[in-house]
Amino acid sequence: MTIYAVRPHTPDGDAAAARAARPRHGGRVTFENVGKAFDTPGGQVSALRGIGFTVEPGEIFGVIGRSGAGKSTLIRTVNGLEKPTAGRVLVENAAGERADVGSLSIGELARLRRDIGMIFQHFNLLSSKTVERNVGLPLRLAGASRAEEAGRVAELLALVGLSDKRGRYPRELSGGQKQRVGIARALARHPAILLCDEATSALDPETTLSILDLLKDINRRLGLTVILITHEMEAIRHICDRVAVIEKGEIVEIGPVWQVFGDPREEATRALLKPHADELPDDLSGRIVPLPGERTVPVFAVTYTGAEAGEPDLGGLFGVLGEGARLLHGSLDRIQGHAQGRLLIAAPAVAPQQAAQALARLNTLPPRAEIIGYVDGAL
Ligand SMILES: Nc1ncnc2c1ncn2[C@@H]1O[C@H](COP(=O)(O)OP(=O)(O)OP(=O)(O)O)[C@@H](O)[C@H]1O
Ligand SMILES: [Mg+2]
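Start counting the sequence shown at 1; every next residue gets the next number (the UniProt record's numbering).
Here's what the structure looks like:
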């Protein structure tokens with residue numbers, strides 16, 4: 001069993017509250033000590049090790065990790081495209097029926113896949129078929145009549161905003177439109193779970209946002225469970241309730257997004273977040289020196305992780321830092337209703353010998369504070 005930084009996830013937590021407002025048609029996925037080893041000419045590759053967590057009905061659950069971490073292998077165990085070599089993956093449908101994916105017969109697996117839709121990075125559309133024929137494909141394969149297919153396809157195209165493109169071919173569509181077709185096709189048979197493997201990685205940032213918003217909208221309206229695999233932090237931040245960080249086949253951190261992103265405990269998480277965190281404009285990083293000098297002023301970094309109640313208390317901060325305190329740089333964000341970010345404040349009123357004391361006082365306030373360096377007091 002892997003030991004990982006477990007975050008509290010109580011049924012009365014934020015994610016559960018958000019979910020309560022939605023209808024319950026989502027499936028539940030439980031990974032029980034899942035391992036996967038591939039035999040390759042160069043020896044065994046251990047792609048997954050000791051994976052254990054549950055994705056709850058109606059949740060949007062993100063899995064993030066570097067290339068090769070095991071994300072695709074993990075998601076593919078949910079619909080039986082990969083079979084675990086250790087442990088079990090249990091899928092519970094909206095009716096509460098539970099299946100152990102790895103032990104299903106071919107017929108049972110086909111039935112399970114009706115409950116699980118999947119979308120991919122490269123859309124996987126049939127180029128010789130129109131939009132409506134692509135979307136209707138799963139229905140045709142399931143033996144639906146022409147009329148049934150046409151009715152459902154019209155509904156699905158309306159849901160993804162593509163009613164006017166029904167007679168077009170994939171080559172006539174933009175990337176975002178192609179992914180909408182992929183989503184419509186994945187939803188054709190009313191799945192309880194939607195698996196998304198890098199579904200927005202081939203799209204530009206604006207189109208990515210529109211697809212993420214669509215996924216969130218579908219999750220709200222239909223209540224289905226979404227598992228989203230990505231290496232894009234922004235995708236997770238934008239729509240996920242909880243996130244798991246996977247590194248070399250193991251889950252190293254898991255919890256509500258605001259908590260994992262606001263206060264990452266593991267090096268792997270920090271490395272993934274790095275481009276966003278601790279970034280300073282060049283001019284400012286050039287001005288900050290590590291040690292105090294003759295005319296320098298300490299620079300305090302005050303970090304809000306989202307664990308503090310309410311909005312940042314600036315009065316409290318400036319009460320400690322004294323007269324003339326200047327805000328050098330700051331970014332504050334809100335994730336799932338929690339304030340997150342960092343403020344850099346230069347405090348000329350804090351003499352070098354008082355700096356440690358001021359820091360101790362700041363640290364009695366909710367956010368976390370540190371001295372990150374010194375700037376020239378004359379500037
Ligand atoms: N069919 C396979 N045969 C052998 N090794 C495999 C196979 N599929 C995956 N692997 C190996 O398992 C590990 C995890 O691969 P996986 O595709 O799950 O990573 P990933 O996190 O999805 O990466 P990426 O972000 O690049 O898509 C890698 O070391 C990969 O080489
Ligand atoms: Mg992958």
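Cβ coordinates follow ideal geometry from the N, Cα and C atoms, glycine included.
field: Limits of the unbroken beta strand (DSSP E) element including GLY136
entry: Segment 131-141 is the alpha helix (DSSP H) holding GLY136; no beta strand (DSSP E) there.
message: Strictly by DSSP, which residues pair up with ALA186?
response: Answer by DSSP bridge pairing: none, since ALA186 is not bridged.
query: Identify the residues that DSSP records as bridge partners of LYS36: which are they?
result: DSSP lists LEU48 as partners of LYS36.
query: Cα-Cα, which of LEU273, ILE345, GLY286 is closest to LEU314?
result: Minimum Cα distance to LEU314 is reached at ILE345.
message: Please state the DSSP three-state secondary structure of PHE61.
response: DSSP, reduced to helix, strand and coil, places PHE61 within a strand of the structure shown.
- request: Out of ARG28, PRO366, ARG185, state which residue places its alpha-carbon closest to the alpha-carbon of ALA307.
  value: Shortest Cα-Cα distance from ALA307 to any of ARG28, PRO366, ARG185 involves PRO366.
field: Enclosing beta strand (DSSP E) for PHE120 [first to last residue]
entry: It spans 116-120 - the beta strand (DSSP E) in which PHE120 sits, taken as one unbroken run.
query: What is the DSSP secondary structure of ARG237, counted as helix, strand or coil?
result: Reduced to three states, the DSSP call for ARG237 is helix.
message: Applying the 10 Å Cβ sphere with the 16-neighbour rule, what's the burial state of VAL160?
response: Under a 10 Å Cβ-count criterion, VAL160 is classified as buried, with 16 or more other Cβ atoms of the shown protein chains found around its own Cβ.
message: From the DSSP secondary-structure annotation, give me the bridge partner or partners of GLU92.
response: Paired residues: ARG28, ARG98.
field: Environment of ligand 2 in chain order, Cβ to heavy atom below 7 Å
entry: The set, ordered by position in the chain, is LYS71, SER72, ASP197, GLU198, ILE229.
- request: Tell me whether PHE123 sits in a helix, a strand or coil according to DSSP, three-state version.
  value: Coil.
C-alpha gap between ALA268 and LEU141, whole angstroms: Their Cα atoms are separated by approximately 43 Å.
message: Let's see if you can read the secondary structure: which residues bound the alpha helix (DSSP H) around THR268?
response: For clarity, residue 268 is Ala in the given sequence; the question names Thr instead. Per DSSP, ALA268 belongs to the alpha helix (DSSP H) from 267-273.
message: Let me check you understand the geometry: is the CB of SER67 closer than 6 Å to at least one non-hydrogen atom of ligand 1?
response: Correct: SER67 has its Cβ closer than 6 Å to ligand 1.
query: What do you reckon, is the C-beta of PHE31 under 6 Å from a heavy atom of ligand 1?
result: For PHE31, the distance from the CB to the nearest heavy atom of ligand 1 is not below 6 Å.
query: GLY35 CB to nearest chain B CB: under 7 Å?
result: Absent from the structure is chain B; it holds one protein chain and no more.
message: Measuring CB atoms only, is the segment 296-303 touching the segment 362-376, in the sense that at least three cross pairs come out at less than 8 Å?
response: A contact exists between the segment 296-303 and the segment 362-376.
Separation of GLN336 from PRO312, as counted between CA atoms: PRO312 and GLN336: Cα-Cα distance of roughly 16 Å.
- prompt: By the 10 Å Cβ neighbour count, where 16 or more other Cβ atoms means buried, how is ALA147 classified, buried or exposed?
  reply: Counting Cβ neighbours within 10 Å, ALA147 comes out exposed, since fewer than 16 surround it.
query: According to DSSP, which residues form a beta bridge with ASP313?
result: When DSSP reads this structure, ASP313 sits in no beta bridge, so it has no partner.
- request: Could you tell me the distance, in whole angstroms, from the CA atom of GLY167 to the CA atom of ARG88?
  value: Each residue's alpha carbon lies about 43 Å from the other.
query: Count the other CB atoms within 10 Å of the CB of CYS196; is the residue buried (16 or more) or exposed (fewer)?
result: CYS196 should be labelled buried.
Close Cβ partners of GLY341 (< 8 Å) along its chain, the five nearest in sequence each way excluded: Cβ-Cβ distances below 8 Å link GLY341 to THR303, TYR304, GLY330, SER331, LEU332, ASP333 in the same chain, with the five nearest sequence neighbours on each side left out; the list follows chain order.
query: THR225 to GLY319, Cα distance in whole Å?
result: Looking at the two C-alpha atoms, the distance is approximately 47 Å.
task: Figure out for me which residue from LEU327, VAL252, ILE371, GLN353 has the closest Cα to the Cα of PRO290.
output: The option with the nearest alpha carbon to PRO290 is ILE371.
query: Can you give the Cα-Cα distance for ALA158 and GLN177, rounded to whole angstroms?
result: Per the coordinates, the alpha-carbon of ALA158 lies some 13 Å from the alpha-carbon of GLN177.
message: Check whether the segment 75-84 and the segment 254-264 touch, using three or more Cβ-Cβ pairs below 8 Å as the test.
response: With the cut-off at 8 Å, the segment 75-84 and the segment 254-264 do not touch.
query: Any heavy atom of ligand 1 within a distance shorter than 6 Å of the CB on VAL45?
result: For ligand 1, a non-hydrogen atom lies closer than 6 Å to the CB of VAL45.
message: Taking only three categories from DSSP, how would you classify residue 380?
response: Limits of the chain in this structure are 1 at one end and 379 at the other, which puts residue 380 out of reach.
field: Own chain residues within Cβ distance below 7 Å of THR73, not counting five before or after
entry: Once the five neighbours on either side are set aside, the close Cβ partners of THR73 are LYS36, ALA47, LEU48, GLU82.
message: Can you look up GLU370 in the DSSP assignment and give me helix, strand or coil?
response: In the structure shown, GLU370 sits in a strand (DSSP, three-state: E or B).
Whether ILE251 touches LYS216 by CB criterion (7 Å): Not a contact, by the Cβ cut-off of 7 Å.
query: With burial defined as no fewer than 16 other Cβ atoms inside 10 Å of the residue's Cβ, what is the status of ASN93: buried or exposed?
result: With 16 or more Cβ atoms within 10 Å of its Cβ, ASN93 is classed as buried.
query: Is the beta carbon of GLY117 sitting closer than 7 Å to the one on LEU187?
result: In this structure, LEU187 lies closer than 7 Å to GLY117 by Cβ.
message: If the criterion is Cβ atoms closer than 7 Å, does the pair LEU209 and ALA235 meet it?
response: No, Cβ-Cβ distance for LEU209 and ALA235 is not below 7 Å.
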